[in-house]
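Enquirer: Got a structure for you, questions after.
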Amino acid sequence: MKRRLFFPRVALLAGLLLPVLSLPAAAQTQTAAAPVRGGILNVNVAPEPTLLTSAFITTMNIGQVSSKVLEGLVSYDLNLQPVPALATSWQVSEDGLTVRFKLRENVKWHDGKDFTSADVEYTLLNVWKKLHPFGRAAFANVDKVETPDRHTVVLRLSSPAPYLLNYINTYGAQVLPRHIYAGTDVLTNPANNAPVGTGPFVFKEWVKGSHVRLERNPDYWQKGQPYLDGVVFKFIPDAAARTVALEAGEIDVALGSSIPLSNLNRFADKSKYGINLDDGRYLSTIFLTQFNVRRPHFNDKRVRQAFAHAIDRNALLKVVFLGYGKPATGPVPSSVVNYYSPETRQYPYDLKKAEALLDEAGLKKGADGKRLKITLDYDAGGGVSGTRQAEFIKQSLARVGVEVELRAGDTATYLRRIFTDQDYDLMVSSLHRLPDPTLGVQRLFWTRNIIKGAPWTNGSGYSNPELDKVMEAAADEANPAKRKALIKQWQQIVQEDLPVLDLVEQTWVTVSSARFHKATAQGDGLFASYADAWLTPKKK
Amino acid sequence: MRGPRLFGAFIGRRLLRLVPVVLGIAFLNFLILQLAPGDVVDVLAGEAGAATPEYMAALRAQFGLDQPLHGQLLHYLWNVATLDLGFSFRHNTPVLTLILDRLPATLLLMALALLIAVALGIALGTLAAARVHGWLDHLISVVVLVAYAVPSFWLGLMAVVLFSAQWGWFPSGGMVDISAGHAGLARVLDVAWHAVLPACTLATFYLAVYAKLTRTAMLELHGADFIRTARAKGASEWRVTVVHALRNALLPVLTMLGYQMASLLSGAVLVESVFSWPGLGRLAFESILARDFNLLLGILFLSSILVTVINTVIDLFYGLLDPRVSVEGRPA
Numbered sequence: 010m011k012r013r014l015f016f017p018r019v020a021l022l023a024g025l026l027l028p029v030l031s032l033p034a035a036a037q038t039q040t041a042a043a044p045v046r047g048g049i050l051n052v053n054v055a056p057e058p059t060l061l062t063s064a065f066i067t068t069m070n071i072g073q074v075s076s077k078v079l080e081g082l083v084s085y086d087l088n089l090q091p092v093p094a095l096a097t098s099w100q101v102s103e104d105g106l107t108v109r110f111k112l113r114e115n116v117k118w119h120d121g122k123d124f125t126s127a128d129v130e131y132t133l134l135n136v137w138k139k140l141h142p143f144g145r146a147a148f149a150n151v152d153k154v155e156t157p158d159r160h161t162v163v164l165r166l167s168s169p170a171p172y173l174l175n176y177i178n179t180y181g182a183q184v185l186p187r188h189i190y191a192g193t194d195v196l197t198n199p200a201n202n203a204p205v206g207t208g209p210f211v212f213k214e215w216v217k218g219s220h221v222r223l224e225r226n227p228d229y230w231q232k233g234q235p236y237l238d239g240v241v242f243k244f245i246p247d248a249a250a251r252t253v254a255l256e257a258g259e260i261d262v263a264l265g266s267s268i269p270l271s272n273l274n275r276f277a278d279k280s281k282y283g284i285n286l287d288d289g290r291y292l293s294t295i296f297l298t299q300f301n302v303r304r305p306h307f308n309d310k311r312v313r314q315a316f317a318h319a320i321d322r323n324a325l326l327k328v329v330f331l332g333y334g335k336p337a338t339g340p341v342p343s344s345v346v347n348y349y350s351p352e353t354r355q356y357p358y359d360l361k362k363a364e365a366l367l368d369e370a371g372l373k374k375g376a377d378g379k380r381l382k383i384t385l386d387y388d389a390g391g392g393v394s395g396t397r398q399a400e401f402i403k404q405s406l407a408r409v410g411v412e413v414e415l416r417a418g419d420t421a422t423y424l425r426r427i428f429t430d431q432d433y434d435l436m437v438s439s440l441h442r443l444p445d446p447t448l449g450v451q452r453l454f455w456t457r458n459i460i461k462g463a464p465w466t467n468g469s470g471y472s473n474p475e476l477d478k479v480m481e482a483a484a485d486e487a488n489p490a491k492r493k494a495l496i497k498q499w500q501q502i503v504q505e506d507l508p509v510l511d512l513v514e515q516t517w518v519t520v521s522s523a524r525f526h527k528a529t530a531q532g533d534g535l536f537a538s539y540a541d542a543w544l545t546p547k548k549k
Numbered sequence: 005m006r007g008p009r010l011f012g013a014f015i016g017r018r019l020l021r022l023v024p025v026v027l028g029i030a031f032l033n034f035l036i037l038q039l040a041p042g043d044v045v046d047v048l049a050g051e052a053g054a055a056t057p058e059y060m061a062a063l064r065a066q067f068g069l070d071q072p073l074h075g076q077l078l079h080y081l082w083n084v085a086t087l088d089l090g091f092s093f094r095h096n097t098p099v100l101t102l103i104l105d106r107l108p109a110t111l112l113l114m115a116l117a118l119l120i121a122v123a124l125g126i127a128l129g130t131l132a133a134a135r136v137h138g139w140l141d142h143l144i145s146v147v148v149l150v151a152y153a154v155p156s157f158w159l160g161l162m163a164v165v166l167f168s169a170q171w172g173w174f175p176s177g178g179m180v181d182i183s184a185g186h187a188g189l190a191r192v193l194d195v196a197w198h199a200v201l202p203a204c205t206l207a208t209f210y211l212a213v214y215a216k217l218t219r220t221a222m223l224e225l226h227g228a229d230f231i232r233t234a235r236a237k238g239a240s241e242w243r244v245t246v247v248h249a250l251r252n253a254l255l256p257v258l259t260m261l262g263y264q265m266a267s268l269l270s271g272a273v274l275v276e277s278v279f280s281w282p283g284l285g286r287l288a289f290e291s292i293l294a295r296d297f298n299l300l301l302g303i304l305f306l307s308s309i310l311v312t313v314i315n316t317v318i319d320l321f322y323g324l325l326d327p328r329v330s331v332e333g334r335p336a
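As they're listed, the protein sequences go chains A and B.
Under the working numbering, think of the first position of the first sequence as 10, with each following residue one higher.
Under the working numbering, think of the first position of the second sequence as 5, with each following residue one higher.
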């Protein structure tokens, strides 16, 4: 198999399936004021990470902490275009088969050793390509890595990988120090819990169950940065308690929608708080319902289309996501500006049409007004927000005579039922689509990604050879215009067949004190290094 | 003197009896956990975003999850018997280290809560009994009823909202002020300051139970012969209540205390979550969700030892409180 697919996990244990992408008009904490030096920033991340290194794992909360210590080759702006970090420039050859990176000079690891092209070569070949869930796919075509000098890395590809430049930030491809990892078992290296990086902050301590403390890196490559003296990540398992901690000033920033949406109204006062809706653009998360097409009823696409007509996306967005997000129009979210196409079949809320389609499919109403009884699985691992989404769908479907029984399970139970036992009718989930469809979306629909027992593969069991061909062609297409056309065709096929109902493009919400500022807004702000972050001093 | 020797023998006998109990608990824990669907590899792969079936199989082999159930069970029991708690693959750390890091926080919280519950509960109960059917008794009854009925996590949240967010008297969570970096006495005071809300929250339910028990026991003793005798010989009301009646009334409280050690440990899960207290309860809860059974079994095993040992200690206290109860098993 050429390429492994993967699926990032979104519903965190704390149950923060939160929402949404919204208008650029959103309140920004970025200001023009001059940065202030000093101060300790208190950040909340939930739940507590199990490691502090993202180089081989995509768990979001790990990335949120790790990104302050370890860096990637680039970061991404609000349009998800790469911005230099450890790499200062990059070129892709005409034929798409060579990618050349120029690395930043005079960068040191926190233990004083020089950062060089050997570190990138080592991490790419031994960590990203072998162990990282996206990396296995993103770097699959990399045949050879050359390091002509200490600050140049050249990748030789077996076939073009146009998506590659979308996965080289600290979340997708974090650079590890070769001198600490080479010759060890990467997965159990003690540095995973006490990282040594090149980033603006140096790891100091991790008191499990309580906090992680980072201190300023005095030798950071960006002169004058970081502004902050340090960052402390506080782990507060209870969502309501996080809300209070932010109100009480005990934390300054709550990342990754760790404050429940229903509490956001308490942070509406712009003179005291800032709400950032752009930090999670990079993840491009969509809330979806997936059919198990192995079930006879759901093997009929008319039934799937009927369900699409029966669910009012706008109401779902308003009622459950409290407006944080926007209705999804297909498998590629609108934040993936390059490839998003709304010119696909759409399914407006229309109960009559839904009923007609169900009748046509032979699912007539019985004497009790019911056509069909099905189950809906959701991950209730530690939170309640998944419940509300599932209930909304249950009520929607009841209007067209489909009776839904909700089945809650914790994460392990839920994953087993869907991906191992394949014993479910409908499921709901939130999945990151990431900036490139080949890596972020294909896995949902590709026949070769129907893998029993492996989470976040093609769990619907949907298989369409025609679509497979289109997706595989798009993966290897070096010509941007042709690739765009293929991906458009792909969206059209999916919107016709609907093995998955893409319902809401979610927004990740960062809530902060108005004292918190960051010089540059990032599309991958959840994984920002915070070198350019500062705090307005407290008024005495 | 044969006292101390007999006493030692008693302890020895009791400890010996704990061994099969603790092993039995370990055995049951292991079997019950097998019923949970999914394993730690499912969760790891789910969190990682993806994994190949080959990679998952390799992990299962590394963790010993590919062995037949009876093999895993024997292996586990052998480990328990040799006091080897194993390794948490999720945390990449030995189970014992993880537990010992967290144990002091939980023990501190439990001890404080217990102290508050017992002291205040007995005081309130005694007071209520002394003023039976008076307004004070009624007031205490209402307070106790509310404390008994309100779920602790809600109470905790409300305490945080009021005392931290609104008034700013106490911190809303954590065990120390991380940014202050206190040492010595300052640190002790800092921890105490952080412990006020969680300890009081955890204590409320038990406080109610002890207050009720004490009140009832005190009232039952009211007409007892020895109380009348005490009064007759001219003891003051204070002395009658505290020295004569209360000491006897404490027996049922002590019994309840022994019972409740286990539930106190589980009640700590919620309180630790609300107050971000870095204790064992939360670690246990998280390990269930993560199917980190090595860790969970380790915590359960240690808890079972803790509970059985504390119960033994409480049995010893009976003898101190009531000379009729003898550890040596002599008829009174």
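Ideal Cβ positions, reconstructed from N, Cα and C, are used throughout, including at glycine.
Is there at least one Cβ from chain B nearer than 8 Å to A35 of chain A's Cβ?
Expert: As a position in the first sequence, residue 35 of chain A is number 26, starting the count at 1. Here the model assigns A35 of chain A a pLDDT of 40, short of 50, so the residue's position is not dependable, and the following value carries that caveat. A35 of chain A does not count as touching chain B.
Enquirer: Please report whether the beta-carbon of P175 of chain B lies at a distance below 8 Å from any beta-carbon of chain A.
Expert: Position 171 of the second sequence, counted from the first residue, corresponds to residue 175 of chain B. Yes, P175 of chain B counts as interfacial toward chain A.
Enquirer: Who are the neighbours of I57 of chain B on chain A, taking C-beta pairs under 7 Å?
Expert: Residue numbering aside, residue 57 of chain B sits at position 53 when the second sequence is read from its first letter. The displayed chain sequence assigns Pro, not Ile, to residue 57 of chain B. Proximity of chain A to P57 of chain B at the Cβ level (cut-off 7 Å) is accounted for by I460, G462 and A463, in chain order.
Enquirer: Mind pulling the chain A residues with CB within less than 9 Å of R64 of chain B?
Expert: For this step, residue 64 of chain B is matched to residue 60 along the second sequence. Listed along the chain, the chain A residues whose CB falls inside 9 Å of the CB of R64 of chain B amount to none; the nearest CB is some 10 Å away.
Enquirer: Quick check on DSSP: helix, strand or coil for K310 of chain A?
Expert: Looking up residue 310 of chain A in the first sequence gives position 301. K310 of chain A falls in the helix class under three-state DSSP.
Enquirer: Please go through the same chain and pick out, in chain order, the residues whose beta-carbon is closer than 8 Å to the beta-carbon of R225 of chain A, but skip the five residues on each side of it.
Expert: For the purposes of this step, residue 225 of chain A is identified with residue 216 of the first sequence, where counting begins at 1. Listed in chain order, the non-local C-beta contacts of R225 of chain A below 8 Å within the same chain comprise P209, F210, V211, P235, L237, D238 and G239, local neighbours out to five positions each way being set aside.
Enquirer: For the segment 242-254 of chain A and the segment 43-53 of chain A, state whether three or more C-beta atom pairs, one from each stretch, are separated by less than 8 Å.
Expert: yes
Enquirer: Suppose contacts are defined by Cβ-Cβ distances below 8 Å. Is A127 of chain A in contact with R187 of chain A by that definition?
Expert: Counted from its first residue, the first sequence places residue 127 of chain A at position 118. Counted from its first residue, the first sequence places residue 187 of chain A at position 178. It is a contact, given that the beta carbons lie within the stated cut-off.
Enquirer: Express the C-alpha separation of Y387 of chain A and S31 of chain A in angstroms, rounding to a whole number.
Expert: The residue you call residue 31 of chain A lines up with position 22 of the first sequence. The residue you call residue 387 of chain A lines up with position 378 of the first sequence. Its pLDDT being 37, under 50, S31 of chain A is placed unreliably by the model, and the measurement read from it follows with that caveat. If I take the Cα positions, the gap works out to 25 Å.
Enquirer: Can you check whether the C-beta of E51 of chain B is within less than 8 Å of a C-beta belonging to chain A?
Expert: The count along the second sequence starts at 1 and reaches residue 51 of chain B at position 47. E51 of chain B counts as touching chain A.
Enquirer: Quick check: is any heavy atom of the ligand MN less than 7 Å from the C-beta of E475 of chain A?
Expert: Inclusion of the ligand MN in the displayed structure is not the case, the ligand content being empty and no account of it being possible.
Enquirer: Within its chain, find whatever has a CB closer than 7 Å to the CB of L512 of chain A; leave out the 5 residues flanking it on each side and keep chain order.
Expert: Taking the first residue of the first sequence as position 1, residue 512 of chain A is located at position 503. Closer than 7 Å at the Cβ level, and outside the excluded window around L512 of chain A, lie F296, L297, T298, I320, R322, L325 and A337.
Enquirer: What does a CB cutoff of less than 6 Å around T429 of chain A pick up in its chain, not counting 5 residues either side in sequence?
Expert: Position 420 of the first sequence holds residue 429 of chain A. Excluding residues up to 5 positions away in sequence, G462 lie with their Cβ nearer than 6 Å to the Cβ of T429 of chain A in the same chain.
Enquirer: Using only alpha-carbon positions, find the residue among B:A13, B:L19, B:W173 and B:L27 that is nearest to G302 of chain B.
Expert: Translated into positions along the second sequence, residue 302 of chain B becomes position 298. Ranking B:A13, B:L19, B:W173 and B:L27 by Cα distance to G302 of chain B puts B:L27 first.
Enquirer: Say whether chain A places a C-beta atom closer than 8 Å to the C-beta of D141 of chain B.
Expert: Within the second sequence, residue 141 of chain B is the residue found at index 137, counting from 1. It does not: the Cβ of D141 of chain B has no partner Cβ on chain A nearer than 8 Å.
Enquirer: Could you please tell me which residues of the segment 289-309 of chain B, in chain order, have their CB closer than 7 Å to any CB of chain A?
Expert: L293 and R295
Enquirer: Pick out the complete alpha helix (DSSP H) segments inside the segment 465-495 of chain A, 4 residues or longer, and give them in chain order.
Expert: 474-485
Enquirer: Just to confirm my understanding: we take K213 of chain A, look at its own chain, exclude 5 residues before and 5 after, and list those with CB closer than 7 Å. What are they?
Expert: On the first sequence, residue 213 of chain A is found 204 positions in, with the first residue counted as 1. Within the same chain, K213 of chain A has close Cβ partners R222, L223 and E224.
Enquirer: Report yes or no: do three or more beta-carbon pairs, one from the segment 171-189 of chain B and one from the segment 121-134 of chain B, lie closer than 8 Å?
Expert: no
Enquirer: Identify which residue in A:F536, A:F525, A:G534 and A:V518 has its Cα closest to the Cα of S271 of chain A.
Expert: Here the question's residue 271 of chain A lines up with position 262 in the first sequence. The residue with the shortest Cα to Cα distance from S271 of chain A is A:V518.
Enquirer: State buried or exposed for R8 of chain A, treating a residue as buried only when at least 16 other CB atoms are found within 10 Å of its CB.
Expert: The question about residue 8 of chain A has no answer here: the residues shown for chain A are numbered 10 through 549.
Enquirer: Between the alpha carbons of G283 of chain A and V262 of chain A, how many angstroms are there, rounded?
Expert: What you label residue 283 of chain A is simply residue 274 of the first sequence in a count that begins at 1. What you label residue 262 of chain A is simply residue 253 of the first sequence in a count that begins at 1. If you take the alpha carbons of G283 of chain A and V262 of chain A, they lie about 9 Å apart.
Enquirer: Are there 16 or more other CB atoms within 10 angstroms of the CB of V66 of chain B, so buried, or fewer, so exposed?
Expert: In the second sequence, counting from the first residue as 1, residue 66 of chain B sits at position 62. According to the sequence provided, residue 66 of chain B is Gln. The question's Val does not apply to it. Q66 of chain B comes out exposed.
Enquirer: Mind checking which residues open and close the beta strand (DSSP E) that includes F525 of chain A?
Expert: Mapped onto the first sequence, residue 525 of chain A falls at position 516. Per DSSP, F525 of chain A belongs to the beta strand (DSSP E) from F525 to K527.
Enquirer: Of all the CB atoms in chain B, is at least one closer than 8 Å to the CB of T68 of chain A?
Expert: Here the question's residue 68 of chain A lines up with position 59 in the first sequence. Yes, T68 of chain A lies at the interface with chain B (some Cβ there is under 8 Å from its Cβ).
Enquirer: In whole angstroms, what is the alpha-carbon distance linking D319 of chain B and S307 of chain B?
Expert: On the second sequence, residue 319 of chain B is found 315 positions in, with the first residue counted as 1. On the second sequence, residue 307 of chain B is found 303 positions in, with the first residue counted as 1. Each residue's Cα considered, the two are about 18 Å apart.
Enquirer: Considering S98 of chain A, what are the terminal residues of the beta strand (DSSP E) in which it resides?
Expert: Taking the first residue of the first sequence as 1, we reach residue 98 of chain A at position 89. Note, S98 of chain A: beta strand (DSSP E), A96 to V101.
Enquirer: Using a 10 Å radius around the Cβ and a threshold of 16 neighbouring Cβ atoms, would you call A196 of chain B buried or exposed?
Expert: As a first step, residue 196 of chain B is located in the second sequence; it is residue number 192 there, counting from the start. By the Cβ neighbour-count rule, A196 of chain B is exposed, with fewer than 16 other Cβ atoms within 10 Å of its own.
Enquirer: Within the same chain, show all residues whose beta-carbon is closer than 6 Å to that of E514 of chain A, passing over the 5 residues directly before and after it, in chain order.
Expert: As a position in the first sequence, residue 514 of chain A is number 505, starting the count at 1. Within the same chain, E514 of chain A has close Cβ partners L30, I295, G334, K335, A337 and P342.
Enquirer: How about N96 of chain B: is its C-beta nearer than 8 Å to some C-beta of chain A?
Expert: The count along the second sequence starts at 1 and reaches residue 96 of chain B at position 92. Chain A, which has a Cβ nearer than 8 Å to the Cβ of N96 of chain B, makes this yes.
Enquirer: So with Cβ pairs under 8 Å, would you call F14 of chain B a contact of chain A?
Expert: Locating residue 14 of chain B in the second sequence gives position 10, where the first residue counts as 1. Not one chain A Cβ lies under 8 Å of F14 of chain B.
Enquirer: Starting from the C-beta of A221 of chain B, find all residues in its chain whose C-beta is less than 7 Å away, skip the five residues before and the five after it, and write them out in chain order.
Expert: For this step, residue 221 of chain B is matched to residue 217 along the second sequence. Around A221 of chain B: A253 and P256.
Enquirer: Please report the distance separating the alpha-carbon of L63 of chain B from that of K478 of chain A.
Expert: Sequence index remark: in the second sequence, residue 63 of chain B carries index 59 (1-based). Sequence index remark: in the first sequence, residue 478 of chain A carries index 469 (1-based). Whole-angstrom Cα-Cα distance: 33 Å.
Enquirer: Between the beta-carbon of T67 of chain A and the beta-carbon of A215 of chain B, is there less than 8 Å?
Expert: On the first sequence, position 58 is the one that residue 67 of chain A refers to. On the second sequence, position 211 is the one that residue 215 of chain B refers to. Against a cut-off of 8 Å, the Cβ pair of A215 of chain B and T67 of chain A comes out as no contact.
Enquirer: Could you check the C-alpha separation between A239 of chain B and N33 of chain B for me, to the nearest Å?
Expert: Here residue 239 of chain B corresponds to residue number 235 of the second sequence, with the count starting at 1. Here residue 33 of chain B corresponds to residue number 29 of the second sequence, with the count starting at 1. Answer to the nearest angstrom: the Cα atoms are 54 Å apart.
Enquirer: Alpha carbon to alpha carbon, what distance is there between A43 of chain A and K548 of chain A?
Expert: Residue 548 of chain A sits at position 539 when you count from the first residue of the first sequence. Residue 43 of chain A sits at position 34 when you count from the first residue of the first sequence. Looking at the two C-alpha atoms, the distance is approximately 17 Å.
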